[in-house]
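Asker: Let me begin by handing over the structure; questions about it come next.
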Amino acid sequence: MVPELSVVIPMYNEEDVLPLLVERLRPLLDGMRVTYEVVAVDDGSRDLTPALLHRYHREWPALRVLRLRANAGHQAAISAGLASARGDYVVTLDADLQDPPEVIAEMLEAARRDNVDVVYGVRNDRSTDSWFKRVSAQSFYRFIRLMSGTSAHADAGDFRLMSRATVDAVNNLPEHNRVLRFVVPALGFPSDTVQYKREERAAGSTKYPLLKMLRLSVDSLTGISIAPLRLATFAGFFGALLAVLLIVYTLVARAQGHTVAGWTSTVAIVAGVGAVQLVCVGILGEYIGRMYAQLQGRPTYFIAYDSLAESSPKHGPTDTPLPATPREEHIETRVVPVATDGAPVTQPSLPERADRAT
């Protein structure tokens, strides 16, 4: 039976917060009076997260465990969950409980009432975040909106509800390294918002340090807009215009018998033009790298285990999956002699066979 609601939760080393998440989420979903599934995507955790998920799966039939073979990243884990979710509506939720699960019921009600495809969870209070994170997030979202023209909400992350049509559209996108918080608004589907207060992380440590945030920012910008390429072009035109003006200035100064300022001005000009060139080459390299990765066609994740699969009783989520059907050369065939009365003939043991052979 296809559930009405799917909740996709990416996880990476969340052994501390996982019991708290199950304690809050299960009674909430049971009380919503809808059929549901919870798709927990284990993004190659190295702690006790896989074992805990396997335990909760036995106690909670609606919990579906999806384990990736290796750590693929937060966005890739969400994509894996979206590709596996079966619900008419799909909610993406982080495991750290900074986005309260209690808002899911309000999201579902808004989607049905207003007949919209996407309901974004918008944070109206981010006092639990640091000053640097709040300012940098606001500035970055404004920059993204300016460069790409999308209507991404500045205080909306990956906590959202999507209709089946939206999920199918996202799954059919061919691009890799997509950042869903900008890809989904770019689709332009009818949407609504639900506001909530962002809480502190319930347990564990953040999985988004500064370097990962910078990488996410680069992927967001190059994946949603070609404006940086145009900026590189404009910088090239500006550099060319500046070079022409310098040539004219040099020729006029030479004709009037003036000497051109020497070492300082030369070094400044060369350094400035070189910096512009390096920035342009770097921008081009980012886009060429994305094209190269796209042409390779390598999947961004590999699923090692799905508790919904028919072969799930054969092995647990922490085991290496076995082939679905063994090959013929892997099957040992033995012929058991049968007596005339239908009873099997007792075969000698290996030591007895060795004694007879000698």
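For the sequence shown, my numbering gives the first residue as 1, with consecutive numbering after it.
The beta-carbon is built from N, C-alpha and C at its ideal position, and this holds for glycine as well.
Small disclaimer: the values here were computed from a predicted structure and weren't measured.
Going by the DSSP bridge assignment, what does methionine 162 pair with across the sheet?
Answerer: As a first step, residue 162 is located in the sequence shown; it is residue number 162 there, counting from the start. Per the DSSP secondary-structure output, methionine 162 pairs in a beta bridge with Val90 and Val118.
Asker: Hey, could you find the ends of the alpha helix (DSSP H) serine 79 is sitting in?
Answerer: On the sequence shown, residue 79 is found 79 positions in, with the first residue counted as 1. That run of the alpha helix (DSSP H) goes 74-84.
Asker: Less than 8 Å between the beta carbons of arginine 198 and proline 101, yes or no?
Answerer: Walking along the sequence shown from the start, residue 198 turns up at place 198. Walking along the sequence shown from the start, residue 101 turns up at place 101. Not in contact: arginine 198 and proline 101 (Cβ atoms no closer than 8 Å).
Asker: Considering only C-alpha positions, which residue in the set Val103, Gly81, Thr193 and Glu15 is nearest to aspartate 114?
Answerer: What you label residue 114 is simply residue 114 of the sequence shown in a count that begins at 1. The shortest C-alpha separation from aspartate 114 is found at Thr193.
Asker: Exposed or buried, which one is valine 167 when buried takes at least 16 other CB atoms within 10 Å?
Answerer: As a working note, residue 167 is residue 167 in the sequence shown. By the neighbour-count criterion, in which 16 or more other beta carbons inside 10 Å mark a residue as buried, valine 167 falls on the buried side.
Asker: Is arginine 215 helix, strand or coil when you go by DSSP?
Answerer: Position 215 of the sequence shown holds residue 215. Helix, per DSSP.
Asker: Count Cβ pairs between the stretch 45-55 and the stretch 80-88 that sit closer than 8 Å; are there 3 or more?
Answerer: no
Asker: Name the residue from Glu286, Leu63, Gly272 and Val279 whose alpha carbon lies nearest to the alpha carbon of leucine 308.
Answerer: Start at 1 with the first residue of the sequence shown, and residue 308 comes out as number 308. It is Leu63 whose Cα lies nearest to the Cα of leucine 308.
Asker: Please state whether DSSP places asparagine 172 in a helix, a strand or coil.
Answerer: Residue 172 sits at position 172 when you count from the first residue of the sequence shown. Correct three-state label for asparagine 172: coil.
Asker: Go to leucine 68, then tell me how far its beta strand (DSSP E) extends in each direction, as first and last residue.
Answerer: Numbered from its first residue, the sequence shown carries residue 68 at position 68. Its beta strand (DSSP E) spans residues 63-68.
Asker: Identify, in the order they occur along the chain, each residue of the same chain with its Cβ nearer than 6 Å to the Cβ of proline 348, setting aside the five sequence neighbours on each side.
Answerer: Mapped onto the sequence shown, residue 348 falls at position 348. Because the pLDDT of proline 348 is 48, which lies under 50, any placement of that residue in the model is unreliable, and the number read from its coordinates should be weighed accordingly. Same-chain partners within the cutoff: there are none.
Asker: For the beta strand (DSSP E) containing proline 19, name the first residue and the last one.
Answerer: Residue mapping note: residue 19 aligns to position 19 of the sequence shown, counting from 1. First-last for proline 19: 18-30, but that is the alpha helix (DSSP H), not the beta strand (DSSP E).
Asker: Leaving out five residues on either side along the sequence, give the residues of the same chain with a beta carbon under 8 Å from the beta carbon of alanine 156.
Answerer: Position 156 of the sequence shown, counting from 1, holds the residue named residue 156. Excluding sequence neighbours, alanine 156 sits near Tyr120, Gly121, Val122, Arg123, Arg181 and Thr193.
Asker: In whole angstroms, what separates the C-alpha of leucine 322 from that of methionine 1?
Answerer: On the sequence shown, position 322 is the one that residue 322 refers to. On the sequence shown, position 1 is the one that residue 1 refers to. Low confidence applies here, because leucine 322 scores a pLDDT of 32, under 50, leaving its location unreliable and the question unanswered by this model.
Asker: Suppose you measure from the CA of proline 61 to the CA of tryptophan 131; what does that come to, to the nearest Å?
Answerer: Taking the first residue of the sequence shown as position 1, residue 61 is located at position 61. Taking the first residue of the sequence shown as position 1, residue 131 is located at position 131. Taking the straight line joining both Cα atoms gives about 42 Å.
Asker: By the 10 Å Cβ neighbour count, where 16 or more other Cβ atoms means buried, how is glutamine 98 classified, buried or exposed?
Answerer: Working through the sequence shown from its first residue, we reach residue 98 at position 98. So glutamine 98 counts as buried.
Asker: Given a cut-off of 8 Å on the beta-carbon distance, is the pair valine 116 and tyrosine 196 in contact?
Answerer: Within the sequence shown, residue 116 is the residue found at index 116, counting from 1. Within the sequence shown, residue 196 is the residue found at index 196, counting from 1. Contact flag unset, no.
Asker: From this set, Leu161, Tyr305, Gln75 and Val135, which residue's C-alpha is nearest histidine 176's C-alpha?
Answerer: Within the sequence shown, numbered from 1, the residue matching residue 176 stands at position 176. Considering only alpha carbons, the answer is Gln75.
Asker: Using the beta-carbon count (16 or more within 10 Å), is asparagine 13 buried or exposed?
Answerer: For the purposes of this step, residue 13 is taken as the residue at position 13 of the sequence shown. Buried: at least 16 other Cβ atoms inside 10 Å.
Asker: Pull the bridge partners of serine 191 from the DSSP assignment, please.
Answerer: In the sequence shown, residue 191 corresponds to position 191, counting from 1. BP columns for serine 191 point to Val118.
Asker: Apart from the five residues on each side of it in sequence, which residues of its chain come closer than 8 Å, Cβ to Cβ, to arginine 201?
Answerer: Taking the sequence shown and counting its residues from 1, one reaches residue 201 at position 201. Result list for arginine 201: Val17, Asp96, Leu97 and Gln98, in chain order.
Asker: Kindly indicate which three-state DSSP category arginine 123 falls into: helix, strand or coil?
Answerer: If you number the sequence shown from 1, residue 123 lands on position 123. Reduced to three states, the DSSP call for arginine 123 is strand.
Asker: What residue from Arg67, Phe238, Val252 and Val170 has the CA that sits closest to cysteine 280's CA?
Answerer: The count along the sequence shown starts at 1 and reaches residue 280 at position 280. Taking only the C-alpha atoms, the option nearest cysteine 280 is Phe238.
Asker: Identify the continuous alpha helix (DSSP H) that holds glutamate 59 and give its terminal residues.
Answerer: As a first step, residue 59 must be located in the sequence shown, where it is residue number 59. Note, glutamate 59: alpha helix (DSSP H), 49-59.
Asker: Please confirm whether threonine 159 and leucine 108 have their CB atoms less than 8 Å apart.
Answerer: Here residue 159 refers to the residue found at position 159 when the sequence shown is read from its first residue. Here residue 108 refers to the residue found at position 108 when the sequence shown is read from its first residue. The question names threonine, but residue 159 in the sequence shown is phenylalanine. No. Outside cutoff.
Asker: Tell me which residues share the same chain as glutamate 37 and place their Cβ nearer than 7 Å to its Cβ, disregarding the 5 neighbours each side in the sequence.
Answerer: Here residue 37 is taken as the residue at index 37 of the sequence shown, counted from 1. These residues qualify, in order along the chain: Pro3, Ser6, Ala62, Arg64, Arg86 and Gly87.
Asker: I need the DSSP call for asparagine 13, collapsed to helix, strand or coil.
Answerer: Locating residue 13 in the sequence shown gives position 13, counting from the first residue. DSSP places asparagine 13 in coil when its eight states are reduced to three.
Asker: Closest by CA to aspartate 43, which one among Val135, Tyr56 and Arg67?
Answerer: The residue you call residue 43 lines up with position 43 of the sequence shown. The shortest Cα separation from aspartate 43 among Val135, Tyr56 and Arg67 belongs to Arg67.
Asker: Could you have a look at alanine 111 and say whether DSSP puts it in helix, strand or coil?
Answerer: Taking the sequence shown and counting its residues from 1, one reaches residue 111 at position 111. DSSP, read as helix, strand or coil, puts alanine 111 in helix.
Asker: Look at the Cβ atom of valine 91, then the Cβ atom of leucine 161, and state whether they are nearer than 8 Å.
Answerer: Translated into the one-based positions of the sequence shown, residue 91 becomes position 91. Translated into the one-based positions of the sequence shown, residue 161 becomes position 161. Going by C-beta atoms, valine 91 is nearer than 8 Å to leucine 161.
Asker: Buried or exposed: where does valine 22 fall if 16 or more other Cβ atoms within 10 Å of its Cβ makes it buried?
Answerer: By one-based count along the sequence shown, residue 22 stands at place 22. When all chains shown are included, valine 22 counts as buried.
Asker: Quick one: what's got a C-beta closer than 6 Å to alanine 228's C-beta in the same chain, skipping five residues either side?
Answerer: The residue labelled residue 228 in the question sits at position 228 within the sequence shown. Strictly speaking, residue 228 in this sequence is proline, with alanine absent from that position. Taken in chain order, the residues that qualify are Ile283.
Asker: Please classify valine 135: is it buried, with 16 or more other beta-carbons within 10 angstroms of its beta-carbon, or exposed?
Answerer: Counting from one through the sequence shown, the residue named residue 135 turns up at place 135. Per the 10 Å Cβ criterion, exposed.
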